[in-house]
Structures are given as structure tokens and as C-alpha cells.
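Visitor:
Residue numbers (this note's numbering): 21 to 93.
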């Protein structure tokens, strides 16, 4: 278990930009992160090593963007 009791054993995904919309209509923006989104909630690890966790009851939706510079025409 890690921050706020969210599991750490789930594979991390990568995002160049991650936007989290919370149930209270606030928005959190992250850049260059790895994250795990599970039934328990969201765990975000930034490139600088900062870690944040949000419970499933706090998250309304998430939007992740991963740039693929090698695929651009």
C-alpha cells in the first residue's frame, strides 16, 4: 500500500498531460507523469518524484494525453 492506502502493485501508465476533474468541479493538471487508475482511485507520480493520490470518490473523470512525436507526419 502507498499514499492514502492505494495499491502500488498495479502497472503504471504514462501521460504527457493528465487532467483530473473532481466531483466538486475543481480541476487538477499534471504534466510528464506516470499514473495508475484503479477502482480504488488514482495515483500520480510526477517526473520530480512527487506523489499524489485521489480516492475514487473524489474523481469525476480523467483525461490523459500522450504525444507520439515519432508518428507525426
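Just so it is clear, CB atoms sit at the ideal spot from N, CA and C, and this is done for glycine as well.
(1) Alpha carbon to alpha carbon, how far is residue 65 from residue 41?
(2) For residue 44, tell me which candidate among 88, 74, 87 has the shortest Cα-Cα distance.
(3) Among the residues of its own chain, which have a CB less than 7 angstroms from the CB of residue 35, if the five just before and after it don't count?
(4) Tell me where the beta strand (DSSP E) around residue 33 begins and ends.
(5) Give every residue of the same chain whose Cβ lies closer than 6 angstroms to the Cβ of residue 49, excluding the five residues on either side of it in the sequence, and list them in chain order.
(6) List the DSSP bridge partners of residue 80.
Guide: Per the coordinate set shown:
(1) The alpha-carbon atoms of residue 65 and residue 41 are separated by roughly 17 angstroms.
(2) Considering only alpha carbons, the answer is 74.
(3) Cβ within range, chain order: 53, 55, 84, 85, 86.
(4) Unbroken beta strand (DSSP E) run through residue 33: 33 to 42.
(5) The answer, listed in chain order, is 39.
(6) Paired residue(s): none; residue 80 is not in a bridge.
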